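Following: one structure in structure tokens, then a few remarks.
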Amino acid sequence: MTIRHLRIFITIVECKTMRKAAQKLYISQPAVSQAISELEKYYGIKLFERLSQRLYITEAGETLLSYARHIVSSFEDMESAMFDASSKMTIKIGGSVSIGTTMLRDLVEKLENEIPGIDVRVTVDNTSTIEKKVCLSELDLAIVEGCLQSDEIIQIPVHNDELVMVVGKDHLFWDKQCISISQLQNQDVISREEGSANRNQFEQLLIENKIKINKKWSCTNTEAIKNLVKDGKGIAIISKLLISKEIEENKLKIVNVDDIKVYRESKLIYHKNKYISPQMKKFIEICQNRYA
């Protein structure tokens, strides 16, 4: 039995359902259910009766609730006494490359403004690497795009971004507003590295349409990709958020492909067993409020 078990128990009593408790605690519903099962097994009692999809606390549960509230309150007092959460806590935040070069900076600045003195450590890498770091607790949380592999990760949708095809002035597509997807056949392409959500999504689209391309360049750096496209080395599929300046300066051009719209969902992620510190909770709230 741990403080975590008691916090989950108290939240269920307050929310009346496990689903609402899970949402409030930012954990999965199975994790909530498991915590209650472990408590009931530990004490050999039944804490709730289930009627009409709602939970009603038992007499034994009421007894535990009284103690649990005192224990959790005392524990929180101890935490406050042992460290100043607003100034000494370090939070490790990750972001995929596209996120790290666009929205993450503003979100981190907002967190630093709301919690003066907080020590924020930021890591930017491709989605696959960031996911692994979250699973290994090398990062507290992160914002990434694309599909994740681990079922140990909690995902909170944050923002939808559009992927677009861009070309430079010397490319044969420069004078076109739209091309057919078949015209991508054998085109020179500058892409992100393996493990990138951007690359995975683009390659899946090509596979579905049986299109073969020439993978001329593979880059982890989005600025390098944009410069190569401007220099006429090939086309690129890139986040629309990353090219607003180049489009405005007429150095890159968006060319639509068969009116196909490709969107990807940015999501805030953390391990399902991660303790949500006040700093983490504040960052989650900032993300949700910023892109609500």
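Position 62 (the sequence shown) corresponds to 202 in the numbering used here; numbering is contiguous. In this text, a Cβ means the ideal position worked out from N, Cα and C, and glycines have one as well. The structure presented is a predicted model; accordingly, all values stated were derived computationally and were not measured.
The beta carbon of residue 168 sits closer than 7 Å to those of 162, 294 and 412, all from its chain and outside the five residues before and after it, given in chain order. Partner residues in the beta bridge of residue 189, as assigned by DSSP, are 196. Residue 401 and residue 267 have their C-alpha atoms some 21 Å from each other.
Secondary-structure assignment with DSSP links residue 303 through a beta bridge to 379 and 402.
Apart from sequence neighbours up to five positions away, the residues of its chain that approach residue 354 with a beta-carbon distance below 8 Å are 326, 327, 328, 329 and 374, ordered along the chain.
Remark: C-beta atoms of residue 321 and residue 349 approach each other more closely than 8 Å. Counting only residues of its own chain and dropping the five nearest sequence neighbours on each side, residue 391 has a CB closer than 7 Å to the CB of 370. Residue range 243-254 is occupied by the alpha helix (DSSP H) that includes residue 246. With contacts defined by Cβ atoms closer than 8 Å, residue 248 and residue 409 do not form a contacting pair. Ranking 318, 417, 337 and 299 by CA distance to the CA of residue 428 puts 299 first. For residue 145, the CB contacts under 6 Å within the same chain, skipping 5 residues up- and downstream, are 175 and 179 in chain order.
Take the alpha-carbon of residue 387 and the one of residue 393: they are about 6 Å apart. Distances from the CA of residue 265 to each of 182, 166, 338 and 395 were compared; the closest alpha carbon is that of 338. Secondary structure of residue 411 (DSSP, three-state): strand. Shown here, residue 427 sits in a helix according to DSSP, grouped into three states.
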